[in-house]
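Chains as they are written, first to last, in my numbering: chain A, 788 to 1216; chain L, 97 to 331.
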Ligand SMILES: Nc1ncnc2c1ncn2[C@@H]1O[C@H](COP(=O)(O)OP(=O)(O)O)[C@@H](O)[C@H]1O
Ligand SMILES: [Mg+2]
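Put into structure tokens, the structure is as follows:
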């Protein structure tokens, strides 16, 4: 009864001072909006990353070359993100992991290993035909790569064993390439010959299959769809021939189900680093997908924490703003408070009235913040290409938190109003 | 008729700025009994302490010293919470400056004491309408104070004072800001409440004619009661 009246009253005074109320709410709006936005994106990005990494196989252990002098900077698991592939490009052949090392490794740990998936990069280049072009990075891949990458061929087929063995000039291209070169007709592309230019060389491949390109969720792409660089798969041996390289900068081990991938990653690292003790520039890093997921989650976690701290500061400033405006409002309405007391309002009623007003300001600010935050989160998630997942719990938490701010910062002004001397309040000019 | 005093004040004093060099002795020892159903006028020069006395009678303020009982309640000892309850249920205030709540329509203004009295929304609304009809404001129930004339505002304020059906009405220069014609209207309302509903009414006024219409006229000068006589209205 009384509560309804108080809410009505609070809304009334808000409507009477719309601009002032909005400015007052700004801190709350910004604080809540950023929390909700980061939760919406953070949730979906973390979810997506975890899913896609899990789909790469939690049992997989990735082994890669890593530059030595930067060891101190890398994370304690010895993993650094994004720059890995770039470094590989200026690796000397002598530094690479040899077939012999891998053979010895497979022999020694046969009990733990199911398969080895390896690839050989030929380089980044462009398929050209008159005005038509498509950007690609050419990768000689073992069959295991397709399984590990979860690549699905939507037209044509995978490489035959014969093609793998003979180092045939065949290729599996992305649907992006088909869109750019063959007007999007997947079937049309099968059997066609393409010319790929890498640096000052060019190679001719026959397309045997088309796969559906999926943007990696943790790669933020700023290029247009047309200029997007996709992988052009060729048989591993073909890649090794073209690159004049039989060795590897990286490969993936599919471990047996009963093997602990984290433990095995450590063993693997030790095994290979025995070969690299004398190497001045390079060493081996090995990590399981499971640990990658952990690291990603931790990173997202600290990002969320950082943004939450910023949001917390915004909310604190917002709360102080609310307190300030409540003090102004109470001063302006001193005579009203006096009148209410003369009519029999007990101090507690006056206190509740102004706390409710403060809560209403904060909750409305919170609701606006939630709307803005969810909108921003969805836009951001769309841009990142991940499904947005605004969490109900974070919305409920935000509303509760807004109310708490309202109570906390509204209490002092409300109490001041409640304790006003009725006569002084009535005599106030 | 033998009537027992509803309120009794003895040796009431009120000082302001207590302890400072310019301590102000506004009331210097007031003795006053008012009977149930009496219509009393208080007159005196501006600054003589009339409003201060009225505020003490109305439980809005506490005296510096003295005794005050209202319907057997010791108002000196009463706690703040009890005083607000008494203000809500026993006393209706009418101010010179109306003191209607801004941006709140006539009905909501009249409902306000009932809100604090814990009356249900339905009852509040019914009674507010009834009271506004009684004071002749039935046509203006949804109007905001800003949209009403002085006399209309004062009639809404009287309806509000009547909301909890108090036994005492305290009116501090209710016609002070009104022209004589609307003042007459307001004064007629007080007579009506006094005669038809038996309210105890204490009226502060500067107008000798209006004071003459009451049953008893009390003159205050420099914080003391200096005169007391019967008014024109017969007991
Ligand atoms: N709350 C207060 N603080 C200080 N001085 C006051 C206060 N209330 C009244 N006074 C002083 O007391 C004197 C009497 O005031 P008041 O009772 O309002 O007189 P009246 O109503 O008879 O004109 C005045 O001099 C006034 O300035
Ligand atoms: Mg006065």
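Think of the CB as a built atom: it goes at the ideal place given N, C-alpha and C, for glycine as much as any other residue. Fair warning: this is a prediction, and the values are worked out from it, not measured in the lab.
Scanning the stretch 107-149 of chain L for uninterrupted beta strand (DSSP E) segments of 3 residues or longer gives 120-131 and 135-140, listed from N- to C-terminal end. Less than 9 Å separates the beta-carbon of residue 260 of chain L from that of residue 184 of chain L. At a C-beta separation below 9 Å, residue 1172 of chain A has no neighbours in chain L, since its nearest C-beta there lies roughly 51 Å away. Rounded to whole angstroms, the separation of the alpha carbons of residue 1160 of chain A and residue 1031 of chain A is 53 Å. At a cut-off of 9 Å, the C-beta of residue 180 of chain L has a neighbouring C-beta in chain A. Listed as beta-bridge partners of residue 922 of chain A by DSSP are A:913.
Fewer than three Cβ pairs drawn from the stretch 1143-1150 of chain A and the stretch 1208-1215 of chain A lie within less than 8 Å of each other, which leaves the two stretches out of contact. At a cut-off of 9 Å between beta carbons, residue 1136 of chain A contacts chain L.
Taking 8 Å as the cut-off between beta carbons, the residues of the stretch 1105-1129 of chain A near chain L are 1122, 1123, 1125, 1126, 1127, 1128 and 1129, in sequence order. Of all residues in the stretch 295-319 of chain L, none is placed with a Cβ closer than 9 Å to any Cβ belonging to chain A.
Here residue 1139 of chain A is not near residue 1191 of chain A, since their CB atoms are 9 Å or more apart.
Here the alpha carbon of residue 1174 of chain A sits roughly 27 Å from the alpha carbon of residue 922 of chain A. Given a length threshold of 3 residues, each whole run of the beta strand (DSSP E) inside the stretch 234-301 of chain L is given here in chain order: 264-268 and 296-300.
Within the same chain, and ignoring the five residues on either side of residue 211 of chain L in sequence, the residues whose Cβ sits closer than 8 Å to its Cβ are 220.
Here the alpha carbon of residue 157 of chain L sits roughly 23 Å from the alpha carbon of residue 206 of chain L. Chain-order list of chain L residues neighbouring residue 808 of chain A: empty, with the shortest C-beta distance near 15 Å, by a criterion of under 7 Å. Under the Cβ criterion of 9 Å, residue 198 of chain L is counted among the residues facing chain A.
Non-local C-beta neighbours of residue 950 of chain A in its own chain, meaning closer than 6 Å and more than five positions away in sequence, comprise 957 and 1022, ordered along the chain. According to the DSSP secondary-structure assignment, residue 220 of chain L is paired through a beta bridge with no residue.
Between residue 1043 of chain A and residue 901 of chain A, the beta carbon gap of about 5 Å places them in contact (Cβ cut-off 8 Å).
Residue-level contact by beta carbon fails for residue 293 of chain L and chain A, as no gap is shorter than 9 Å.
Taking a C-beta distance under 9 Å as the contact criterion, residue 209 of chain L and residue 256 of chain L qualify as a contact pair.
DSSP, reduced to helix, strand and coil, places residue 192 of chain L outside both helices and strands of the structure shown, so it counts as coil. When C-alpha distances from residue 1034 of chain A are compared across A:890, A:834, A:832 and A:819, the shortest belongs to A:890. With a 10 Å radius around the Cβ and a threshold of 16 neighbouring Cβ atoms, residue 224 of chain L comes out buried. Residue 108 of chain L and residue 145 of chain L have their C-alpha atoms spaced approximately 12 Å apart. Listed by position in the chain, the residues whose beta carbon lies within less than 5 Å of some heavy atom of ligand 1 are L:112, L:122, L:142, L:143, L:144, L:145, L:146, L:147 and L:148. The Cβ-Cβ distance between residue 267 of chain L and residue 316 of chain L does not fall below 9 Å. Counting only runs of 4 or more residues that sit fully inside the stretch 937-997 of chain A, the alpha helix (DSSP H) segments are 948-953, 962-969 and 973-976, in chain order. For residue 205 of chain L, the enclosing alpha helix (DSSP H) has its first and last residue at 202-212.
Between the stretch 956-976 of chain A and the stretch 895-910 of chain A there are fewer than three inter-stretch CB-CB distances shorter than 8 Å, so the stretches are not counted as touching. It is roughly 19 Å from the alpha-carbon of residue 175 of chain L to the alpha-carbon of residue 149 of chain L. Neighbours of residue 209 of chain L across chain A, judged by C-beta separation under 8 Å: 1130 and 1131. A Cβ-Cβ contact shorter than 9 Å links residue 1124 of chain A with residue 1207 of chain A. According to the DSSP assignment, residue 846 of chain A belongs to no beta strand (DSSP E), since it is labelled neither H nor E.
Under the Cβ criterion of 9 Å, residue 812 of chain A is not counted among the residues facing chain L.
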